[in-house]
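Numbering (this note's numbering), first residue to last: -17 to 345. Okay, so here's the structure we're looking at.
Put into structure tokens, the structure is as follows:
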């Protein structure tokens, strides 16, 4: 989903020039009706997520057929698409000004994991103290923490584009955080879930198994996608690139909707509201702190700061759902916050993008 045309504004990564789209979205392809239709479909990603989640709750059988190995395969495909949209320019950008990308990556793996730990423990404590402990399961806290430890989602590239942010920087940060997640997601999840104690039911996570899954689902498909992008003939790549974002959007919608459908009967309306409330707080913290720390703490430009905000606030929810279902005790429940998160961060991110895109006079 990072195959949209890059913004024409200068990128902090490349002051003189702007990288071209890895998908070959030149003027000719942009004029093709099929390409325009595919872009329009992909840009409605938040709407498809919300529609899928609503359908999953109202009529779970609509998605229950999509289970078993289909879920990790679907996520692996989205990571393959991510790799296919990582160009040599993106990799060069990381090497050219690594500290710019490193700042966003550090914010990604500090702000969100710590915010998730805070939200997960506070939600459990507050609901317990007001006599509503039945609305909150320890698995929800564990799932939220795992979600916070995931890398940035590829949808952040689309939202950055809509917000008129630095798309080259966004793609580079997504690339680096995706590779870093192979180590950091299992390490941070195991550490923080253990640190949460009673809020997560004092569960123990098999860090090695989580590491293996992250390697298989994230690293291998991404590397394969990079190789395909590198060696596939440009004409073929341009043709494929028209459809890959659409299929990736559909895959993420299927993954998140299936997770919700599997637990629809067990989720009470009040419990769902509690999860949504916790996720709104989590993602709002990510967006706010990502911007504030970048803009006022590290004195970055407004454009870079909104890019960091979006990258920090939007997580790879599909990855979180798959890893939670596979490796957390009672994983089907733990995966629910991750699935709902896809809708929450898309709504918040798209709303902020609409506001930021109308700015005038900001650097």
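Glycine residues also receive a C-beta, built at the ideal position from the N, C-alpha and C atoms. None of these values were measured; they are calculated from a predicted model.
Look at residue 135 here: in three-state DSSP terms it is coil, with no helix or strand label.
Of the candidates 82, 127, 173, the residue whose Cα lies closest to the Cα of residue 282 is 82. If you check the CB distance, residue 203 and residue 59 come in under 9 Å. For residue 297, DSSP records a beta bridge to 134.
In summary, residue 146 is buried, with 16 or more beta-carbon neighbours lying within 10 Å of its beta-carbon over all protein chains present. Collapsing the DSSP output to three states places residue 23 in a helix. When only Cα atoms are considered, residue 340 and residue 245 end up about 40 Å apart. Only residues of its own chain outside the window of five on either side were considered, and among them 101 have a CB closer than 7 Å to the CB of residue 263, listed in chain order.
Pairwise C-beta distances place the segment 119 to 130 in contact with the segment 309 to 320, as three or more of them are shorter than 8 Å. The continuous alpha helix (DSSP H) containing residue 172 extends over residues 149 to 178. With contact defined as three or more Cβ pairs closer than 8 Å, the segment 191 to 203 and the segment 160 to 173 are in contact. The beta carbon of residue 181 sits closer than 6 Å to those of 102, 103, 106, 123, all from its chain and outside the five residues before and after it, given in chain order. Beta-carbon to beta-carbon, residue 261 and residue 326 are separated by about 4 Å, close enough to satisfy the 8 Å threshold. At the C-beta level, residue 304 and residue 53 come within 9 Å of one another.
Under the three-state reduction of DSSP, residue 239 is assigned to helix. Within the model, the alpha-carbon separation for residue 254 versus residue 217 is close to 47 Å.
DSSP, read as helix, strand or coil, puts residue 81 in helix. The three-state secondary structure of residue 277, taken from DSSP, is helix. Counting along the chain, residue 327 sits inside the alpha helix (DSSP H) bounded by residues 313 to 338.
In this structure, DSSP gives residue 14 a state outside helix and strand, which the three-state scheme calls coil.
C-alpha of residue 138 to C-alpha of residue 292: approximately 6 Å in a straight line. For the set 16, 30, 301, the Cα lying nearest the Cα of residue 328 is the one of 30. When DSSP states are grouped into helix, strand and coil, residue 118 belongs to the coil group.
Using a C-beta cut-off of 8 Å, the segment 150 to 160 makes no contact with the segment 109 to 118, since fewer than three inter-stretch Cβ pairs fall below that distance.
Pairing residue 98 with residue 117 gives a Cβ-Cβ distance that is not under 9 Å. For residue 61, the enclosing alpha helix (DSSP H) begins and ends at 52 to 66. 57 is the residue among 273, 194, 185, 57 whose C-alpha sits nearest the C-alpha of residue 239.
In the three-state reduction of the DSSP assignment, residue 282 falls in the coil class. Between residue 17 and residue 242 the beta-carbon gap is near 31 Å, outside 8 Å, which marks them as no contact. The beta carbons of residue 136 and residue 229 sit no closer together than 9 Å. Straight across, the Cα-Cα distance linking residue 267 with residue 225 is about 34 Å. For residue 190, the enclosing alpha helix (DSSP H) begins and ends at 189 to 196. Look at residue 91 here: in three-state DSSP terms it is helix. DSSP places residue 310 outside any alpha helix (DSSP H), giving it a letter other than H or E. Residue 31 carries a helical assignment under DSSP once its states are collapsed to helix, strand and coil. Secondary structure at residue 71: helix, using DSSP grouped into helix, strand and coil.
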